[in-house]
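Chains as they are written, first to last, in my numbering: chain C, 1 to 198; chain L, 1001 to 1165. The beta-carbon is built from N, C-alpha and C at its ideal position, and this holds for glycine as well. Because the structure is a prediction, the values reported are computed rather than measured.
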Amino acid sequence: MVDPLLGPWADLVNIGTRKAMAGLSQMIGSDIDVTSLTLRRVPVAEISNLFGGPDTEAVGIYLTVSGSADGHLMLMYEPKIACAFIDMLMGEAPNTTKVIDGMGRSALGEMGNIIGAFFLSAIADATGLSLSPSPPTVMTDMAGALLDVVSADILLTADETYLAEATFLTQGHDISGVFMVMPTEELLDALLNATKAA
Amino acid sequence: MVTGVIETTLSLGEWAVTNEREGVLTCLGLGSCVAFIAYDPVARIGGMAHMVLPDSTQGRSTPRSEAKFVDVAVPLVLNEMLSLGAQKTRLQVSLVGGAKMLPNSRPEAMNIGARNIAAAHAAIEARGLRVRVEDLGGTQGRTVRLQVRTGEVLISTARVLRAAA
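Written as structure tokens, this is what we have:
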């Protein structure tokens, strides 16, 4: 059976992710190349396996979305990727950051701000919807515990969600990371309706 | 339901009951979710559910995550334990989890962890049971294991986050 949401959502994620990475490039003053971008529908219960399992430590950057539809976005990274991001954002040499302290959290929060604003702005432009991100919350804990923040809303009515994964490379820092977006059903419905109307 | 495995790890909305002496029932990385744990020390029967949401009337049940709602999960576990020979008067009940993972960014009404805790307490009290061990609330994720041979409930939290070497 063809998933009616996959096509429109894939197009929007593609636009949004590339804009978000362009925004991040501006922030750090260095090119970020999106080398792959995939979208798939996955059981919510299996997402934490991408990070080594539900009790493996991970870093989450969480933003709520408000406006034409309410929802939330979660960016999640393995700790070593988050530390590489902090090095990049702070202009430090690779492998400088070993522990995520207050300054590191602040840098990751600012990255969440940029990614959220550019991602949602691109989607809003494409659909005509009004979508605004909240200030980000940066969390470090077990991957399963972090995912509970979004899983509960999704599991209210479904077992699966769309998981967008982008792999990207930055010059000089040579990091390869995954940018995950997990929208809520309400947000997906609003986007699908908007793309139908367009 | 999963039975007869040495370590059974329960994902979101899963439940299990076992009388395997060397069995261990586990919930990994609980955030706002709550683990319901019951144990009969005489029959050595253990049960656990990984509960995600408080109330099935507010959502939709699905076969893959049958026990995601507290009001559904608690009777599922208890009924299966009783059918295997556990006695209600001997049951030792524990609750673990229910953290508030976003301490400052959401209104209290949206605190799923607190709502899960309240629903779990209500479901347990409605069946005339008392909680023996509880480790609830806070802002940290938890992992919990029940050892069926001893009835011991082991709880751990994430260590200080450090970059991988």
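- Query: Is residue 41 of chain C closer than 8 Å to residue 160 of chain C when the C-beta atoms are compared?
  - Reply: Taking the first residue of the first sequence as position 1, residue 160 of chain C is located at position 160. Taking the first residue of the first sequence as position 1, residue 41 of chain C is located at position 41. Taking 8 Å as the Cβ cut-off, residue 160 of chain C and residue 41 of chain C qualify as a contacting pair.
- Query: Given that a residue counts as buried once 16 or more other Cβ atoms are within 10 Å of its Cβ, and exposed if not, what is residue 103 of chain C?
  - Reply: What you label residue 103 of chain C is simply residue 103 of the first sequence in a count that begins at 1. So residue 103 of chain C counts as exposed.
- Does the distance from the C-beta atom of residue 52 of chain C to that of residue 1031 of chain L stay below 8 Å? For the purposes of this step, residue 52 of chain C is identified with residue 52 of the first sequence, where counting begins at 1. For the purposes of this step, residue 1031 of chain L is identified with residue 31 of the second sequence, where counting begins at 1. Cβ distance not < 8 Å, so residue 52 of chain C and residue 1031 of chain L don't count as in contact.
- Message: Restricting to Cα atoms, I'd like to know which of L/1148, L/1158 and L/1156 is closest to residue 1048 of chain L.
- Response: Translated into the one-based positions of the second sequence, residue 1048 of chain L becomes position 48. Taking residue 1048 of chain L as reference, the option from L/1148, L/1158 and L/1156 with the minimal CA-CA separation is L/1148.
- Counting pairs of beta carbons, one from the segment 20–39 of chain C and one from the segment 55–72 of chain C, are three or more of them closer than 8 Å? The answer is no - the segment 55–72 of chain C does not touch the segment 20–39 of chain C, with fewer than three Cβ pairs under 8 Å.
- Helix, strand or coil for residue 130 of chain C, going by three-state DSSP, please let me know. For the purposes of this step, residue 130 of chain C is taken as the residue at position 130 of the first sequence. If DSSP states are grouped into helix, strand and coil, residue 130 of chain C belongs with coil.
- Query: Is residue 1 of chain C close to chain L, meaning its C-beta is less than 8 Å from at least one C-beta of that chain?
  - Reply: For the purposes of this step, residue 1 of chain C is taken as residue 1 along the first sequence, with counting starting at 1. With a pLDDT of 45 at residue 1 of chain C, under the threshold of 50, the modelled position of that residue is not reliable, and the figure given next carries that caveat. Not a single CB atom of chain L sits nearer than 8 Å to the CB of residue 1 of chain C.
- Query: Got a sec? Which residues, its chain only, sit under 7 Å from residue 1085 of chain L by beta carbon, not counting five neighbours each side?
  - Reply: Locating residue 1085 of chain L in the second sequence gives position 85, where the first residue counts as 1. Here the set comprises 1043 and 1045.
- Query: From residue 1070 of chain L to residue 146 of chain C, what does the alpha carbon distance come to, in whole angstroms?
  - Reply: Sequence index remark: in the second sequence, residue 1070 of chain L carries index 70 (1-based). Sequence index remark: in the first sequence, residue 146 of chain C carries index 146 (1-based). In a straight line, the C-alpha of residue 1070 of chain L is about 20 Å away from that of residue 146 of chain C.
- Query: Where does residue 19 of chain C land, buried or exposed, given buried means 16+ other C-beta within 10 angstroms?
  - Reply: The residue given as residue 19 of chain C occupies position 19 in the first sequence. Classification for residue 19 of chain C: buried.
- Message: Once DSSP output is grouped into helix, strand and coil, what is the label at residue 1162 of chain L?
- Response: Here residue 1162 of chain L corresponds to residue number 162 of the second sequence, with the count starting at 1. Residue confidence for residue 1162 of chain L is low, a pLDDT of 37 falling below 50, so the modelled location carries little weight and cannot support an answer.
- Query: Can you tell me whether residue 8 of chain C is buried or exposed, with buried defined as 16 or more other CB within 10 angstroms of its CB?
  - Reply: As a first step, residue 8 of chain C must be located in the first sequence, where it is residue number 8. Counting every other CB atom within 10 Å of its CB across the protein chains shown gives residue 8 of chain C a total of 16 or more, marking it as buried.
- Message: According to DSSP, is residue 146 of chain C part of a helix, a strand, or is it coil?
- Response: Position 146 of the first sequence holds residue 146 of chain C. In this structure, DSSP gives residue 146 of chain C a helical state, which the three-state scheme calls helix.
- Task: Measuring only between beta-carbons, confirm whether residue 101 of chain C sits less than 8 Å from chain L.
- Result: The sequence position of residue 101 of chain C within the first sequence is 101, counting from 1. With 8 Å as the cut-off, residue 101 of chain C does not count as an interface residue toward chain L.
- Quick one: is residue 1127 of chain L near chain C, going by C-beta distance under 8 Å? In the second sequence, the residue the question calls residue 1127 of chain L occupies position 127. For residue 1127 of chain L, the answer is no, since every Cβ of chain C falls outside 8 Å of its Cβ.
- With DSSP as the reference, please indicate the residues paired to residue 1121 of chain L in a beta bridge. Counting from one through the second sequence, the residue named residue 1121 of chain L turns up at place 121. Looking at the DSSP output, residue 1121 of chain L shares a beta bridge with no other residue.
- Query: In the structure shown, what three-state DSSP assignment does residue 188 of chain C receive?
  - Reply: Along the first sequence, one-based indexing puts residue 188 of chain C at 188. Reduced to three states, the DSSP call for residue 188 of chain C is helix.
- Query: If you follow the alpha helix (DSSP H) that residue 84 of chain C is part of, which residue opens it and which one closes it?
  - Reply: Taking the first sequence and counting its residues from 1, the one referred to as residue 84 of chain C is at position 84. For residue 84 of chain C, the enclosing alpha helix (DSSP H) begins and ends at 79–90.
- What residue range is occupied by the uninterrupted alpha helix (DSSP H) comprising residue 1080 of chain L? Position 80 of the second sequence, counted from the first residue, corresponds to residue 1080 of chain L. 1070–1083 is the extent of the alpha helix (DSSP H) around residue 1080 of chain L.
- Between which two residues does the beta strand (DSSP E) carrying residue 1049 of chain L extend? Residue mapping note: residue 1049 of chain L aligns to position 49 of the second sequence, counting from 1. Counting along the chain, the unbroken beta strand (DSSP E) around residue 1049 of chain L starts and ends at 1045–1051.
- Return yes when the C-beta of residue 1080 of chain L is under 7 Å from any heavy atom of the ligand ADP, and no when it is not. With respect to the ligand ADP, the structure shown offers nothing to examine, as it has no ligands at all.
- Query: Where does residue 81 of chain C land, buried or exposed, given buried means 16+ other C-beta within 10 angstroms?
  - Reply: Within the first sequence, residue 81 of chain C is the residue found at index 81, counting from 1. Answer is buried; the Cβ neighbour count reaches 16.
- Buried/exposed call for residue 95 of chain C, threshold 16 Cβ in 10 Å: Here residue 95 of chain C refers to the residue found at position 95 of the first sequence. With fewer than 16 other Cβ atoms within 10 Å, it is exposed.
- Given that a residue counts as buried once 16 or more other Cβ atoms are within 10 Å of its Cβ, and exposed if not, what is residue 1017 of chain L? One-based indexing of the second sequence puts residue 1017 of chain L at position 17. Around the CB of residue 1017 of chain L, 16 or more other CB atoms lie within 10 Å, so the residue is classed as buried.
- Message: Check this for me: beta carbons of residue 1095 of chain L and residue 1120 of chain L, under 8 Å apart or not?
- Response: On the second sequence, residue 1095 of chain L is found 95 positions in, with the first residue counted as 1. On the second sequence, residue 1120 of chain L is found 120 positions in, with the first residue counted as 1. For residue 1095 of chain L and residue 1120 of chain L, yes; Cβs fall inside 8 Å.
- Message: Suppose you measure from the CA of residue 1161 of chain L to the CA of residue 138 of chain C; what does that come to, to the nearest Å?
- Response: Taking the first residue of the second sequence as position 1, residue 1161 of chain L is located at position 161. Taking the first residue of the first sequence as position 1, residue 138 of chain C is located at position 138. In this prediction, residue 1161 of chain L scores a pLDDT of 39, lower than 50, which makes its location untrustworthy; the coordinate-derived value is nonetheless stated afterwards. Cα to Cα, residue 1161 of chain L sits roughly 13 Å from residue 138 of chain C.
- Message: Runs of 3 residues minimum, wholly inside the segment 1121–1145 of chain L: which ones carry the beta strand (DSSP E) assignment?
- Response: Listed in chain order, they are 1131–1136.
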